[in-house]
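Before any comments, here is the structure.
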Amino acid sequence: MGQSVAPSAVPPVGEWLLSLPLVAPVRDLYAEKLKMYDTAMLGYLAETRLIDDVDRERIKADCEWWVRQTNARQAWLDVIDRYRDAVYYVAIWPLLPVAATVIMVLSVATPPAGWAIAHIALGALFTLGGLSGALRHLDFMLSRRTWLLGLAFLLVSGLLLYGPWTDAGWLAVTGTLLLVSVLGLVVAFVALAALEIRRIRTRAAIYLIIVGAVAMGALAVDRGTGPGWARGLWAGLWTALVVMLVAGAVFILTYLISSVFQRRKNSVWAIGEIVQTLLWFGLRMEEAHLPLEERSALGQAYPFGDPVVTASHLESLARVVERYLPRQLPTWDPMGDRIISERCRGMAARLRELKMEFLLNQRIPPAEMAARLVPAVVPIVDGDWERLARADIQVIPHSRLRVSLRIVGGILVAIAPLTIYLLLRTTTSIIPDKIVDQVLPVAVTWLLLSVIAWIDPGNGNRTGNLKNLTDLLPGSRS
Numbered sequence: 001m002g003q004s005v006a007p008s009a010v011p012p013v014g015e016w017l018l019s020l021p022l023v024a025p026v027r028d029l030y031a032e033k034l035k036m037y038d039t040a041m042l043g044y045l046a047e048t049r050l051i052d053d054v055d056r057e058r059i060k061a062d063c064e065w066w067v068r069q070t071n072a073r074q075a076w077l078d079v080i081d082r083y084r085d086a087v088y089y090v091a092i093w094p095l096l097p098v099a100a101t102v103i104m105v106l107s108v109a110t111p112p113a114g115w116a117i118a119h120i121a122l123g124a125l126f127t128l129g130g131l132s133g134a135l136r137h138l139d140f141m142l143s144r145r146t147w148l149l150g151l152a153f154l155l156v157s158g159l160l161l162y163g164p165w166t167d168a169g170w171l172a173v174t175g176t177l178l179l180v181s182v183l184g185l186v187v188a189f190v191a192l193a194a195l196e197i198r199r200i201r202t203r204a205a206i207y208l209i210i211v212g213a214v215a216m217g218a219l220a221v222d223r224g225t226g227p228g229w230a231r232g233l234w235a236g237l238w239t240a241l242v243v244m245l246v247a248g249a250v251f252i253l254t255y256l257i258s259s260v261f262q263r264r265k266n267s268v269w270a271i272g273e274i275v276q277t278l279l280w281f282g283l284r285m286e287e288a289h290l291p292l293e294e295r296s297a298l299g300q301a302y303p304f305g306d307p308v309v310t311a312s313h314l315e316s317l318a319r320v321v322e323r324y325l326p327r328q329l330p331t332w333d334p335m336g337d338r339i340i341s342e343r344c345r346g347m348a349a350r351l352r353e354l355k356m357e358f359l360l361n362q363r364i365p366p367a368e369m370a371a372r373l374v375p376a377v378v379p380i381v382d383g384d385w386e387r388l389a390r391a392d393i394q395v396i397p398h399s400r401l402r403v404s405l406r407i408v409g410g411i412l413v414a415i416a417p418l419t420i421y422l423l424l425r426t427t428t429s430i431i432p433d434k435i436v437d438q439v440l441p442v443a444v445t446w447l448l449l450s451v452i453a454w455i456d457p458g459n460g461n462r463t464g465n466l467k468n469l470t471d472l473l474p475g476s477r478s
């Protein structure tokens, strides 16, 4: 199913980005994902028996337009995910050995400033080459130029580590470098493993950033003294902290970018998002009884299975209907807009009823679920919203003043800890500076969590995410 329709050309959605140096490596990935989405969904639209032939012929052109436009934007979310995965891989190699070598050089050697800057620049260029290769294949297909950079980096590293600028013997330097690499590798794997746990990955990323920043501040006092093993331990901790900060920051950045992009996509293309999601549901559910190798490429990439995941996708669809669909159906008068919003909430409530029914009775055949969802494509494309099922809900009106006050209050609450910190730092206070400095990571984290909670309200409350955060601070008790 879904293989009989020729894929469309790439619509001009951010096409200029694909020519930028660090974006060009994902051009093929974007085209591949777009082809998979268009081929599978348009093929399903042409073949499914859940849509009458007469209706299919009538809505075909409009439905294909909505699906293509939504798919062209959906493919960018896969591109964003590839960047996150690529950085994770590069955090192990080559960023980890590069960071270990650079920090090791800075801890045991005293080269001239020009040599040190050149060394760091070579390491950065080699790492960027690794990132470019990982973006293409996630298996580090490095170019010849990148390999030459790597060899140059090794040559300069050896010269600085074993040359006249170091005060340690070659045996001590080699052993310390091994200690640095092993310690950094262990911490990096633990950090990346925490980011793979779906339920805590956002919190884990924030904690990695906080722990890394606080520990770096503590280690910055001394660049490593004493015997070789002590310097190796110091440099190894720095290497691990660099990887922790990079991994945590990249996760938060990609999370925020994809969340903002998703909100924008839902806001401007709500109807297309609903149509595309219904076809996506139908394709996977109708193919659920087939062996994996007989399914479409989309069905193989995203097989229907976990009921909890399906429920979360139904909830996402309900949010689009409830929050974004009213913006696509403006009436230009307050009463009409309230009526539209009320009916959209009713449709969303019906989707949530279906979600609960599916969760409580997981023996419902997937084909039956598809039969309840896919036929809704016809009235949606026709613009006949009255034909869609709605559930009765109690509507609580909100005045514009109340909404405005809630927004302003949210902003004030988000910046309050940071404001308090800045006031304490700029004014004379009886509170010691050491204690005041401990407020900064909490204030920044609170602000970050506030932004995430605004972008993705389903991510949880801030106080819950900050639970036990004080355990990270010196002198605190659990």
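Here the sequence shown is numbered in full-length UniProt numbering, starting from 1 and rising by one per residue.
Note that CB positions come from ideal geometry on N, CA and C, so glycine has one too.
Only a predicted model underlies this, so the values are computations on that prediction, with no experimental measurement involved.
query	result
Using a threshold of 8 Å, state whether the C-beta atoms of ALA215 and LEU241 are closer than that.	yes
By how many angstroms is the C-alpha of ALA91 removed from the C-alpha of VAL246?	8 Å
Is ALA109 helix, strand or coil by DSSP?	strand
From THR202 to TRP280, what distance separates their C-alpha atoms?	27 Å
Determine the direct distance from the alpha carbon of ARG327 to that of ALA391, and round the result to whole angstroms.	20 Å
Start and end of the alpha helix (DSSP H) containing VAL54?	53-92
Let me see if you follow: with CB-CB separation under 8 Å, is VAL308 close to chain C or not?	Of the protein chains in the structure, only one exists, and it is not chain C.
Leaving out five residues before and five after TYR30 in sequence, what residues of the same chain have Cβ atoms less than 8 Å from its Cβ?	VAL10, LEU18, ALA75, TRP76, ASP78, VAL79
Measure the Cβ-Cβ separation of ALA118 and VAL173 and say whether it is below 8 Å.	no
I'd like the span of the alpha helix (DSSP H) that includes GLU15, first residue to last.	Careful: GLU15 lies outside any alpha helix (DSSP H) and carries neither H nor E.
For ILE210 versus PRO441, is the C-beta distance shorter than 8 Å?	yes
I need the boundaries of the alpha helix (DSSP H) containing GLN276, first residue and last residue.	270-286
Looking at the unbroken alpha helix (DSSP H) that takes in ARG319, where does it start and where does it end?	307-319
Using the DSSP secondary-structure output, state which residues sit across from THR166 in a beta bridge.	ALA109
Does DSSP put TYR447 in a helix, in a strand, or in coil?	One point to set straight first is that residue 447 is Leu, not Tyr, in the sequence displayed. In this structure, LEU447 counts as helix in the three-state DSSP scheme.
Which value, in whole angstroms, describes the spacing of the CA atoms of GLY272 and ALA371?	20 Å
LEU42 to GLU64, Cα distance in whole Å?	7 Å
Check the C-beta distance from LEU359 over to ALA311 and give it rounded, since I have them as a contact under 8 Å.	5 Å
Beta-carbon separation of GLY282 and MET244 under 8 Å?	no
Measuring straight from C-alpha to C-alpha, what distance separates ARG68 and LEU95?	38 Å
With 16 other CB atoms within 10 Å as the buried threshold, where does GLY163 fall?	exposed
Measuring straight from C-alpha to C-alpha, what distance separates VAL23 and GLY14?	11 Å
Which value, in whole angstroms, describes the spacing of the CA atoms of TRP269 and VAL187?	42 Å
Under a Cβ-count criterion, where at least 16 other Cβ atoms within 10 Å of its own Cβ denotes burial, should ASN266 be classed as buried or exposed?	buried
How far does the alpha helix (DSSP H) with VAL378 in it reach, from first residue to last?	377-382
Would ALA152 and LEU122 be called neighbours here (beta carbons separated by less than 8 Å)?	yes
Using the C-alpha atoms, what's the distance from TYR207 back to ASN461?	Model confidence at ASN461 stands at a pLDDT of 47, short of 50, so the residue's coordinates are unreliable; what they give is reported in the following sentence. Cα to Cα, the separation comes out at about 16 Å.
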